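Student:
There are 2 protein chains.
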Amino acid sequence: MTPPHNPEERPVGALLAPDILAMLEESPGLIAAETEELHPADLADVAEAMPFEQIPRFLAALPTDRAAAVLEYIDEEVRATLLEAMSPEQAAALVSAMTPDERADVLEELDEEHAEDIVDEMPAEARRVTEQLRRYEPDTAGGLMTTDFVSESASTSVEEALRKVRIIARSSRREAMHAIYTTDAEGRLVGVLSLRELLAAPEGTPLAEVAWSEVQSVSPFADREEVTRVISNYDLVVVPVVSESRHVIGVITVDDVIDAIQEEQTEDVQKLGGMQALDEPYMQIGFRQMLKKRAGWLSILLVSEMFTASAMQYFDGELKQVAALILFVPLVMSAGGNSGSQATSLIMRAMALREISLRDWWRVALRELPTGLALGTILGVIGVIRISIWQKTGLFDYNPHWQLIALTVGISLVGIVTFGSLAGSMLPFLLRRLGFDPASASAPFVATLVDVTGLVIYFSVAMLVLGGTLL
Amino acid sequence: MTPPHNPEERPVGALLAPDILAMLEESPGLIAAETEELHPADLADVAEAMPFEQIPRFLAALPTDRAAAVLEYIDEEVRATLLEAMSPEQAAALVSAMTPDERADVLEELDEEHAEDIVDEMPAEARRVTEQLRRYEPDTAGGLMTTDFVSESASTSVEEALRKVRIIARSSRREAMHAIYTTDAEGRLVGVLSLRELLAAPEGTPLAEVAWSEVQSVSPFADREEVTRVISNYDLVVVPVVSESRHVIGVITVDDVIDAIQEEQTEDVQKLGGMQALDEPYMQIGFRQMLKKRAGWLSILLVSEMFTASAMQYFDGELKQVAALILFVPLVMSAGGNSGSQATSLIMRAMALREISLRDWWRVALRELPTGLALGTILGVIGVIRISIWQKTGLFDYNPHWQLIALTVGISLVGIVTFGSLAGSMLPFLLRRLGFDPASASAPFVATLVDVTGLVIYFSVAMLVLGGTLL
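Those protein sequence lines, which keep their order, are chains A and B. In terms of the working numbering, the first sequence is residues 2 to 472. In terms of the working numbering, the second sequence is residues 2 to 472.
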């Protein structure tokens with residue numbers, strides 16, 4: 002049994018589950034009518050709150066279209082287990098009643114073998130569309146699109162188009178029809194108008210006169226970030242996916258884009274935290290999977306961080322002569338890591354939003370250099386004050402030459418924070434230039450990079466400042 | 002002059018700007034017709050690519066409705082400067098032609114005084130609506146909503162409703178009408194149907210029979226995360242904002258929610274990177290503002306990190322006796338910070354998606370404990386191998402008792418990574434419990450917390466392992 006995700010925030014499903022379970026025992030025939038007004042998302046919560054073995058009975062008590070809609074909202078893992086437990090015929094009936102894009106997504110979650118068995122049992126038309134959609138990568142426009150959309154010849158009259166739209170609206174397809182696409186004699190996309198605009202248009206005029214001829218569209222191979230950008234820049238509810246020959250092959254609706262944005266963001270945050278993207282909810286991912294996604298980066302970072310040991314070995318002599326230097330190693334190192342982490346997350350996010358592109362690197366560098374210097378100076382002053390207070394109040398005796406040590410820490414902080422800000426801001430550019438995801442420039446990655454350099458800066462400043470007196 | 006944001010990805014505007022500038026000189030009267038088919042977002046790019054002083058002339062060459070639509074897509078700062086440079090009458094004419102939600106947002110960006118002057122010049126109805134919307138905080142449902150929506154008495158017939166909808170669609174209001182709300186005799190919300198469902202409904206039936214009686218809605222005081230959750234859970238294009246008396250006072254459309262999601266995510270990433278949210282694009286924020294947002298956290302972190310110096314002072318005696326110990330201080334500390342940063346970003350994101358709630362803290366702890374132990378063991382083994390290789394190949398001589406030093410590092414890594422994972426995962430819970438934003442549990446914050454503890458763990462393990470031989 003999978004517990005409901007979040008009873009305090011989506012209570013409807015969890016609250017109703019006991020009633021519906023009772024009804025399933027006593028009068029299953031009433032369930033369809035009793036739940037008729039509920040949103041499928043709420044019914045999915047009801048299902049998730051039930052003992053697992055009751056879910057198929059509950060779905061069977063609903064009309065197929067309804068059951069398919071509920072299945073679209075059920076948790077991915079529960080859904081996969083459910084479908085794999087059914088006969089291919091049963092599963093095919095449910096899956097065929099889903100919208101084509103959901104259908105392809107659902108099959109993607111199953112074992113290849115199970116998915117094939119289900120596709121084989123589908124009606125011919127559903128099978129054809131499903132096989133077409135499954136050829137696209139899930140993260141591309143082709144993988145996000147559905148094939149249910151309305152297009153009309155540009156020469157059709159407004160009244161005729163409206164009549165057709167009403168016929169389609171009355172058919173069983175559930176995908177929304179927010180936009181109507183107009184096509185030329187060869188079926189190529191030439192215009193678009195919203196359902197609202199169709200209703201507002203004067204009767205009798207051909208669609209060509211009322212449709213917009215500038216149509217925003219995406220290629221089926223566009224990645225989901227590109228789709229998001231088009232939808233969000235132009236405030237669209239739906240965007241057409243257009244082949245090279247300018248034929249509409251599908252549409253992507255805004256709800257799928259919202260899901261894609263959320264997934265993208267989850268990936269970015271997880272990468273920024275210094276791991277591979279989990280691709281599954283935290284509470285559901287298996288122990289081995291979780292370990293695999295986290296251990297890789299941690300190990301790489303550990304091995305890179307080993308250069309700090311080498312750097313410390315290199316400055317072994319200095320360390321032995323001025324033991325007080327060692328006390329501030331963690332302090333100066335972490336300041337570099339923190340400023341680098343700030344700069345990286347700023348730039349990574351600005352890149353994701355396309356506020357800055359690759360060729361802006363020098364403009365960013367020109368902003369980060371003075372910023373880093375200013376931040377470093379602030380921290381340097383705090384560092385000097387801290388050492389002075391400890392020394393003056395007798396909390397610790399750093400050395401007869403404590404002023405020089407304070408100066409070393411202060412100057413190092415300026416250098417390290419400046420370097421951290423610059424390195425942290427340039428790393429996403431470098432990664433993108435090399436063809437990697439700029440989000441891989443995680444905070445721990447930057448911190449590790451800056452740590453080694455920070456040590457070298459610190460000891461070099463020490464040798465300059467203390468040279469002749471302590472060293 | 003503000004350079005175009007991103008010519009390689011949104012080329013239309015930048016490409017057209019020179020042509021339109023030329024037209025502005027020679028035949029401004031043609032501009033409206035020539036740009037008629039362009040999306041306002043593209044025309045906004047055109048405007049942003051022009052010398053600033055030309056923009057008002059360009060906007061004046063467009064019909065007021067068009068100019069207002071273009072203004073909605075123009076960069077916030079440019080827009081504020083533009084409106085403040087106009088006379089209040091000119092500005093009021095443009096702003097009144099915007100949708101009410103955009104109107105309130107735009108005024109929000111201006112000086113209070115300028116905003117008031119513009120509001121005073123608006124037509125009475127626009128002024129009333131604007132003043133109502135400006136009373137809500139920008140981040141709440143009230144601040145996101147627009148007041149243009151369609152509602153009908155539930156007793157209206159489908160044909161009558163369709164006739165009214167067509168009249169409204171033909172009026173000049175540009176807000177979409179994806180949903181039609183039905184109301185009872187007191188005007189309270191009782192149902193909803195989509196424009197598509199209205200078209201599909203049998204003529205003559207009252208709306209009450211075809212509308213859905215379960216309507217998802219939000220309170221005007223709901224925060225934007227709540228609005229996002231409702232829109233994304235139920236795959237809505239629009240959600241009604243409902244007063245306590247169940248009257249619809251506005252609607253929030255999905256395009257505004259996408260903008261809100263993007264802003265929310267920018268804030269989360271920036272906080273995770275260890276700073277205050279910028280609230281402005283990276284390239285546009287002023288130097289002082291940028292410094293203010295970044296210096297605060299950096300200073301707090303530096304001061305906290307000073308406890309590492311205190312910890313090192315405390316173990317001064319041990320450090321002097323076994324100098325090799327110092328070499329691995331950065332290594333073990335950063336391992337703790339990195340594992341903590343992973344755990345924090347995982348939990349923070351799962352919380353933002355409402356995958357886990359406050360009361361799940363012990364389930365998370367039960368996952369992180371074994372995960373941390375396993376990750377720590379992997380890193381510990383790598384650490385022991387590294388020291389052994391350096392010693393065996395003669396790269397560095399750690400000590401006659403180098404095995405004990407290797408053991409100290411290995412055991413410490415297990416302890417520190419376990420502690421880091423636990424602390425990193427619990428911190429967002431603690432912050433939320435205390436009423437703070439869990440996103441404040443930034444990677445640098447966690448790293449700093451774990452650093453001090455990591456040092457204590459490291460030296461304690463050293464005293465246990467080396468006690469009697471080296472210490």
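In this text, a Cβ means the ideal position worked out from N, Cα and C, and glycines have one as well. The model shown is predicted, which means the values in this text are computed figures rather than measured ones.
Residues of chain B with CB under 7 Å from Trp213/A, in chain order?
Tutor: The residue given as residue 213/A occupies position 212 in the first sequence. Near Trp213/A (Cβ distances below 7 Å), the residues of chain B are Glu38.
Student: Per DSSP, which one or two residues make a beta bridge with Tyr315/A?
Tutor: Here the question's residue 315/A lines up with position 314 in the first sequence. For Tyr315/A, which the question treats as bridged, DSSP gives no partner whatsoever.
Student: So who's on the other strand from Pro241/A, going by DSSP bridges?
Tutor: Residue numbering aside, residue 241/A sits at position 240 when the first sequence is read from its first letter. Pro241/A pairs with Val252/A.
Student: Does the Cβ of Ala155/B have 16 or more other Cβ atoms within 10 Å, making it buried, or fewer, making it exposed?
Tutor: What you label residue 155/B is simply residue 154 of the second sequence in a count that begins at 1. Result: buried.
Student: Output yes if chain A places a C-beta closer than 9 Å to the C-beta of Pro105/B; else output no.
Tutor: Along the second sequence, one-based indexing puts residue 105/B at 104. This sequence places Ala at residue 105/B; Pro is not what is there. False, the Cβ-Cβ gap to chain A never drops below 9 Å.
Student: Determine, using beta-carbon pairs with one atom in the region 118-129 of chain A and one in the region 216-226 of chain A, whether at least three such pairs fall under 8 Å.
Tutor: No, the region 118-129 of chain A does not touch the region 216-226 of chain A.
Student: Nearest-angstrom Cα distance between Glu73/A and Pro57/A?
Tutor: In the first sequence, the residue the question calls residue 73/A occupies position 72. In the first sequence, the residue the question calls residue 57/A occupies position 56. If you take the alpha carbons of Glu73/A and Pro57/A, they lie about 14 Å apart.
Student: Could you please tell me which residues of the region 232-244 of chain A, in chain order, have their CB closer than 9 Å to any CB of chain B?
Tutor: Going along the region 232-244 of chain A in chain order, one finds Ile232, Ser233, Asn234, Tyr235, Asp236, Leu237, Val238 with a Cβ nearer than 9 Å to chain B.
Student: Under 9 Å, Cβ to Cβ, is there at least one residue of chain B near Trp362/A?
Tutor: Sequence index remark: in the first sequence, residue 362/A carries index 361 (1-based). Not an interface residue.
Student: List the residues of chain A that Thr409/B touches, going by C-beta distances under 9 Å, in chain order.
Tutor: As a first step, residue 409/B must be located in the second sequence, where it is residue number 408. The premise fails here: Thr409/B is roughly 13 Å from chain A at the closest Cβ pair, so nothing lies under 9 Å.
Student: Kindly list the residues whose CB is nearer than 8 Å to the CB of Pro401/A, restricted to its own chain and excluding five residues on each side of it in sequence; keep chain order.
Tutor: Reading the first sequence from its first residue, position 400 is the one you call residue 401/A. Closer than 8 Å at Cβ, skipping near neighbours: no residue.
Student: Indicate, with yes or no, if the ligand MN has a heavy atom lying under 8 Å from the CB of Ala424/A.
Tutor: Although the ligand MN was asked about, the structure shown includes no ligands whatsoever.
Student: Work out the CA separation of Trp391/A and Gly287/B for me, nearest whole Å.
Tutor: Residue 287/B sits at position 286 when you count from the first residue of the second sequence. Residue 391/A sits at position 390 when you count from the first residue of the first sequence. Gly287/B and Trp391/A: Cα-Cα distance of roughly 36 Å.
Student: Starting from the beta carbon of Ala42/A, find every residue of chain B whose beta carbon is closer than 7 Å, and list them in chain order.
Tutor: Counted from its first residue, the first sequence places residue 42/A at position 41. Per Cβ cutoff of 7 Å: Asn234, Tyr235.
Student: Hey, how far is the Cα of Ile388/A from the Cα of Ala407/A?
Tutor: Position 387 of the first sequence holds residue 388/A. Position 406 of the first sequence holds residue 407/A. Computed Cα separation, rounded: 6 Å.
Student: DSSP three-state call for Val191/B: helix, strand or coil?
Tutor: Taking the second sequence and counting its residues from 1, one reaches residue 191/B at position 190. Three-state DSSP puts Val191/B in a strand.
Student: Does Ala1/B come out as helix, strand or coil in the three-state DSSP assignment?
Tutor: The shown model of chain B, from 2 to 472, leaves out residue 1/B, and the question about it has no answer.
Student: Identify the contact partners of Tyr182/B in chain A, using a Cβ-Cβ distance below 8 Å as the criterion.
Tutor: As a first step, residue 182/B is located in the second sequence; it is residue number 181 there, counting from the start. By Cβ distance, chain A contributes nothing, its closest Cβ being about 15 Å from Tyr182/B, past 8 Å.
Student: Reducing DSSP to helix, strand and coil, say where Asn7/A ends up.
Tutor: If you number the first sequence from 1, residue 7/A lands on position 6. Only weak support exists for where Asn7/A lies, its pLDDT of 36 falling under 50; the value from the coordinates is given anyway. Reduced to three states, the DSSP call for Asn7/A is coil.
Student: Would you identify the three-state DSSP class for Thr394/A, choosing helix, strand or coil?
Tutor: Locating residue 394/A in the first sequence gives position 393, counting from the first residue. Coil.
Student: Just verifying my parser: in three-state terms, what is the DSSP assignment at Glu37/A?
Tutor: The sequence position of residue 37/A within the first sequence is 36, counting from 1. It is coil, neither helix nor strand.
Student: What number of angstroms, rounded off, separates the C-alpha of Met178/A from the C-alpha of Phe150/A?
Tutor: As a working mapping, residue 178/A is identified with position 177 in the first sequence. As a working mapping, residue 150/A is identified with position 149 in the first sequence. Computed Cα separation, rounded: 6 Å.
Student: For Trp403/A and chain B, any beta-carbon pair shorter than 9 Å?
Tutor: Taking the first sequence and counting its residues from 1, one reaches residue 403/A at position 402. No, because no Cβ of chain B sits closer than 9 Å to the Cβ of Trp403/A.
Student: Pull up the distance between the alpha-carbon of Gly251/A and that of Ile301/A, whole angstroms please.
Tutor: On the first sequence, position 250 is the one that residue 251/A refers to. On the first sequence, position 300 is the one that residue 301/A refers to. Each residue's Cα considered, the two are about 43 Å apart.
Student: Which of the three DSSP states is assigned to Glu77/B in this structure?
Tutor: For the purposes of this step, residue 77/B is taken as residue 76 along the second sequence, with counting starting at 1. Helix.
Student: Return yes when the Cβ of Val239/A is within less than 9 Å of the Cβ of Gly249/A, no when it is not.
Tutor: The sequence position of residue 249/A within the first sequence is 248, counting from 1. The sequence position of residue 239/A within the first sequence is 238, counting from 1. A small correction: the amino acid at residue 249/A is Val; Gly does not occupy that position in the sequence shown. Cβ distance not < 9 Å, so Val249/A and Val239/A don't count as in contact.
Student: Per DSSP, what are the beta-bridge partners of Ser154/B in this structure?
Tutor: Position 153 of the second sequence, counting from 1, holds the residue named residue 154/B. Its beta-bridge partners are Thr184/B.
Student: Please list, in chain order, the residues of the region 260-285 of chain A that have any C-beta partner in chain B closer than 8 Å.
Tutor: Cβ contacts with chain B: Asp260, Ile262, Gln263, Gln266, Thr267, Asp269, Val270, Gln271, Leu273, Gly274, Gly275, Met276, Leu279, Pro282, Tyr283, Met284.
Student: Look at the alpha carbon of Arg189/A and the alpha carbon of Ser246/A, and state the distance between them as a whole number of angstroms.
Tutor: Numbered from 1 along the first sequence, position 188 holds the residue referred to as residue 189/A. Numbered from 1 along the first sequence, position 245 holds the residue referred to as residue 246/A. Cα to Cα, Arg189/A sits roughly 7 Å from Ser246/A.
Student: Taking C-beta pairs closer than 7 Å, name the residues in chain B that Asp224/A reaches, listed in chain order.
Tutor: Within the first sequence, numbered from 1, the residue matching residue 224/A stands at position 223. Residues of chain B passing the Cβ test: none, with the nearest at roughly 12 Å.
Student: Would you mind sorting Leu435/A into buried or exposed? The rule is 16 or more other CB atoms within 10 Å of its CB.
Tutor: Counting from one through the first sequence, the residue named residue 435/A turns up at place 434. Counting Cβ neighbours within 10 Å, Leu435/A comes out exposed, since fewer than 16 surround it.
Student: Okay, do the region 323-342 of chain A and the region 302-317 of chain B touch, 3+ Cβ pairs below 8 Å being the bar?
Tutor: A contact exists between the region 323-342 of chain A and the region 302-317 of chain B.
Student: Can you give me the start and stop residues for the alpha helix (DSSP H) that Arg360/A sits inside?
Tutor: Counting from one through the first sequence, the residue named residue 360/A turns up at place 359. Counting along the chain, Arg360/A falls outside any alpha helix (DSSP H), and DSSP gives it neither H nor E.
Student: Any contact between the region 359-374 of chain A and the region 451-470 of chain A? By contact I mean 3 or more CB pairs, one from each, below 8 Å.
Tutor: Because the criterion of three Cβ pairs below 8 Å is not met, the region 359-374 of chain A and the region 451-470 of chain A do not touch.
Student: Strictly below 8 Å CB to CB, what residues from chain A border Lys321/B?
Tutor: One-based indexing of the second sequence puts residue 321/B at position 320. Correct list: Ala324.
Student: Name the chain A residues whose beta carbon is nearer than 8 Å to that of Met427/B?
Tutor: Taking the first residue of the second sequence as position 1, residue 427/B is located at position 426. Result: empty, since nearest Cβ-Cβ is about 14 Å, beyond 8 Å.
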